[in-house]
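Heads up, the thing below is written out as structure tokens.
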Amino acid sequence: MTMLSVRGLSKSFGGLTAVDNVSFDVHEGMIKALIGPNGAGKSTLFNLLTGFECPDAGTVTFLGQPMVALKPFKVVRAGIARTFQNTQVFGEMSVIENVLVGMHTQLATGFAAGALRLPATRKADRMAVERAGRLLRLVGAEEFADAPGADIPHGVRRLVEIARALAAAPKLLLLDEPAAGLNNAETQALAASLRRIQADGTTILIVEHDMGLVMEISDEIVVLDRGRKIAEGSPKLIQKDPAVIEAYLGEEVPDA
Amino acid sequence: MSARYGLDRAIARVAPVLIVALVAAVPLLTDDRYLFKVLTFVGLNVIVVTGLALLFGYAGQISLGHAAFFGIGAYSVGYLTATRALPWLAAVAIGVALASVVGLLLSLPMLRLKGHYLAMATLAFSEILGVFFVEASAITGGNDGLRGIPFPSVGPFKIATPGASYLLVWGVAIIVVVLASNLVRTRPGRALRAVHGTELGAQACGIDTGRLRVQVFTLSAGLAGLAGALYAGVVGFVSPTTFSLEFSVLLVAMVVLGGTGSITGPVVACVALTLLPYIDALVPGLPRDAVAFLQDWEADISGIVMIGVLLFAPGGVAGMLRRSRRAGDAS
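Chains A and B, in that order, are what the protein sequence lines are.
Every letter in the first sequence is one number past the one before it in this note's numbering, and letter 169, counting from 1, is 169.
Every letter in the second sequence is one number past the one before it in this note's numbering, and letter 178, counting from 1, is 178.
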């Protein structure tokens with residue numbers, strides 16, 4: 001079933017066309033990767049999908065609902081959560097509190113209920129803390145649970161953002177370069193986490209430069225170059241695609 | 001580490017009880033009217049500072065207009081009880097509501113503003129209201145202010161003595177501090193800190209950051225209005241000089257000194273800075289010259305303290321406590 005449908009999406013900044021008439025689908029349950037050289041428009045595309053930027057043209061449909069021009073918080077409520085290439089971890093809050101903030105849409109406590117801290121609120125918070133712990137274990141960042149966000153290594157910040165995004169119980173998870181700053185062993189652990197997330201029923205759209213990871217985990221790949229979609233297909237197909245090889249300056253895409 | 005957390009938790013459990021006991025014990029230990037007055041002022045400031053700590057210390061939104069919201073509460077109660085003979089409780093409710101609504105209306109156009117621009121906008125608002133307090137003399141009594149504001153009363157109960165006023169104000173202050181401390185530990189409080197941390201991150205967590213900022217500004221203005229509303233009945237007199245920019249700046253200084261992301265820190269700083277000019281009420285043997293010096297230079301001392309904190313201890317009192325706790329964990 002088509003979960004996310006992107007049609008003719010375009011965005012330019014001044015004279016620069018960052019995203020140029022891009023269309024693709026993400027089917028439920030798959031891991032889809034978005035790759036391309038630096039400046040291909042991947043992050044802009046993410047911003048367009050999550051309400052952080054408004055497209056000049058095109059449509060985004062998520063589970064039959066139009067997404068374009070929705071504010072970011074409404075996109076999250078609709079079931080799309082994301083991480084950032086430049087991580088946006090709350091530095092003054094502990095890692096577990098970061099994940100708790102990710103549960104904002106899942107908890108109901110308002111100002112009055114929060115001020116009174118009724119038994120129901122406490123119970124909801126206790127369960128939230130437990131769930132946050134589980135999510136941190138899932139991404140492999142549980143040892144940092146009590147550390148302030150500002151004090152954790154860069155690679156871990158990406159993992160914390162994944163846990164925080166998962167906390168919103170999204171149907172579709174958008175990951176912007178989750179493996180940047182991770183070593184080989186950590187990247188392998190991340191791949192395993194992503195598979196588990198997929199197995200739990202969350203669809204994933206991932207922007208990633210680590211081709212080994214991309215080829216290993218994705219079911220389908222979209223390749224962008226200078227804002228345009230130049231190829232789409234299975235990892236095997238993409239590795240042989242002449243346009244893709246050309247875009248990567250003649251370098252052959254490394255094998256998985 | 002767990003033993004330490006256990007101790008922290010024990011302190012966190014016991015401290016509020018001790019503070020409440022201490023506040024309640026004061027009338028048993030003394031009947032000094034002057035001391036009651038001073039401590040009542042401290043309690044009023046605690047109410048305003050708690051609201052400002054939520055706004056500035058948690059959500060990172062500065063306001064240089066909180067004296068004006070205090071003024072709205074005070075003038076509302078002054079006018080409604082003295083001139084319109086409304087029951088005190090109704091007047092307080094209206095004063096708080098009015099301050100909240102003005103806060104709400106002010107926060108909507110300010111949503112796009114941050115940092116210095118927000119400071120300027122709230123400053124301008126404060127100045128406009130300052131002029132209003134003087135010029136709308138039919139309501140506010142102009143430069144002379146409002147006199148003969150009746151004591152707070154609920155039905156047959158009248159709160160007419162300094163000791164009773166003290167208990168009223170501190171009763172409200174403690175409730176406000178407890179509610180605020182609860183709030184910051186739950187979902188809305190986490191959202192406030194998140195917005196302060198990174199707005200992009202907060203939005204990506206599904207937080208409606210605009211709505212949240214309006215909510216916290218409204219709440220904060222309402223609390224300042226509440227303190228003002230209590231002030232009018234307790235002091236019996238309201239004049240424009242009370243609601244000056246100086247007062248707004250002092251309130252901000254209390255939050256800065258107390259530290260961001262804390263209620264306790266700003267409350268402690270508020271108690272210290274409010275007591276500073278009245279030090280003679282607490283330490284009877286103090287030389288007159290020293291007291292006069294403190295009173296004359298109060299604003300300068302607060303200013304220097306604020307600059308010193310920003311330069312050398314940006315986390316304020318709360319930050320220093322957190323650091324020492326962390327250092328303790330590490331050892």
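A virtual CB, placed ideally from N, CA and C, is assigned to each residue, including glycine.
Since the structure is predicted, the reported quantities are computational estimates derived from the model, not experimental observations.
Let's see if you can read the secondary structure: which residues bound the beta strand (DSSP E) around residue i?
i: A:Lys-240; result: Looking at the DSSP string, A:Lys-240 is not in any beta strand (DSSP E); the run it does join, the alpha helix (DSSP H), is 235-240.
i: B:Ser-262; result: That residue, B:Ser-262, is in no beta strand (DSSP E); it is neither H nor E in DSSP.
i: A:Leu-205; result: 203-207
i: A:Leu-34; result: 31-35
i: A:Leu-173; result: 172-176
For the putative contact between residue i and residue j, defined by C-beta atoms under 8 Å, what is the C-beta separation to the nearest angstrom?
i: A:Gly-262; j: A:Arg-7; result: What is shown of chain A runs 1 to 256, which leaves residue 262 of chain A out entirely.
i: B:Ala-191; j: A:Val-101; result: 7 Å
i: A:Val-95; j: A:Ala-167; result: Not a contact, Cβ separation roughly 12 Å.
i: B:Thr-274; j: B:Phe-41; result: 6 Å
i: B:His-66; j: B:Leu-251; result: 5 Å
i: A:Val-99; j: A:Leu-136; result: 6 Å
i: B:Val-184; j: B:Ile-263; result: 6 Å
i: A:Asp-219; j: A:Ala-231; result: Wrong, their Cβ atoms sit about 15 Å apart, outside the cutoff.
i: B:Ala-91; j: B:Val-77; result: 5 Å
i: A:Ser-43; j: A:Val-207; result: 7 Å
i: A:His-209; j: A:Glu-161; result: That pair is no contact at about 17 Å.
i: B:Phe-133; j: B:Gly-233; result: No, B:Phe-133 and B:Gly-233 are not in contact; Cβ-Cβ is about 18 Å, not under 8 Å.
Does residue i get closer than 7 Å to chain B when you measure Cβ to Cβ?
i: A:Met-93; result: yes
i: A:Phe-62; result: no
i: A:Val-223; result: no
i: A:Gln-88; result: yes
i: A:Gly-79; result: no
i: A:Thr-44; result: no
i: A:Phe-73; result: yes
i: A:Arg-117; result: yes
i: A:Leu-100; result: yes
i: A:Val-76; result: yes
i: A:Lys-11; result: no
i: A:Arg-82; result: yes
i: A:His-104; result: yes
i: A:Gly-114; result: yes
i: A:Thr-202; result: no
Can you tell me where the alpha helix (DSSP H) holding residue i begins and where it ends?
i: B:Thr-140; result: 137-140
i: A:Ile-80; result: Run containing A:Ile-80: none in the alpha helix (DSSP H); it sits in the beta strand (DSSP E), 80-82.
i: A:Val-99; result: 95-102
i: A:Lys-123; result: 119-139
i: A:Thr-17; result: Looking at the DSSP string, A:Thr-17 is not in any alpha helix (DSSP H); the run it does join, the beta strand (DSSP E), is 16-27.
i: B:Lys-37; result: 33-52
i: B:Asp-300; result: 298-312
i: B:Asp-280; result: 279-282
i: B:Phe-70; result: 66-78
Who does residue i pair with in a DSSP beta bridge?
i: A:Lys-74; result: A:Lys-74 pairs with nothing; no bridge assigned.
i: A:Ala-57; result: A:Ser-10
i: A:Phe-52; result: The partner list for A:Phe-52 (beta bridge, DSSP) is empty, contrary to what the question assumes.
i: A:Lys-229; result: A:Leu-224
i: A:Phe-62; result: A:Leu-4, A:Gln-65
i: A:Pro-148; result: A:Ser-94
i: B:Val-238; result: B:Leu-146
i: B:Ser-153; result: B:Lys-158
If you measure from the beta carbon of residue i to each beta carbon in chain A, is any gap under 7 Å?
i: B:Cys-205; result: yes
i: B:Thr-218; result: no
i: B:Pro-188; result: yes
i: B:Leu-200; result: yes
i: B:Ala-97; result: no
i: B:Leu-183; result: yes
i: B:Leu-55; result: no
i: B:Ala-191; result: yes
i: B:Leu-257; result: no
i: B:Ala-12; result: no
i: B:Asp-32; result: no
i: B:Leu-337; result: Past the edges of chain B, shown from 1 to 331, lies residue 337 of chain B, and the structure says nothing about it.
i: B:Ala-194; result: yes
i: B:Gly-261; result: yes
i: B:Ser-107; result: no
At 9 Å on the CB atoms, spell out the chain C contacts of residue i, in chain order.
i: A:Asp-125; result: The structure shown contains no chain C; its protein chains are A and B.
Review point. Between the stretch 119-132 of chain A and the stretch 70-86 of chain A, do at least 3 Cβ pairs fall closer than 8 Å?
Key: no
Check your understanding: Would you say the stretch 306-314 of chain B touches the stretch 78-89 of chain B, given that touching needs at least three Cβ pairs under 8 Å?
Key -> no
Check your understanding: Counting pairs of beta carbons, one from the stretch 18-38 of chain B and one from the stretch 162-176 of chain B, are three or more of them closer than 8 Å?
Key -> yes
Practice item. Evaluate the contact criterion for the stretch 187-207 of chain A versus the stretch 105-122 of chain A: three or more CB pairs, one atom per stretch, below 8 Å. Key: no
Point to revise | the stretch 209-223 of chain B contacting the stretch 280-290 of chain B, beta-carbon criterion three pairs below 8 Å | key: no
Exercise for review: Check whether the stretch 174-181 of chain B touches the stretch 246-261 of chain B, counting contact only when three or more Cβ pairs, one atom from each stretch, lie closer than 8 Å.
Suggested key: no
Review point. How do the stretch 56-72 of chain B and the stretch 103-119 of chain B stand: do at least 3 beta-carbon pairs fall below 8 Å, yes or no?
Key: yes
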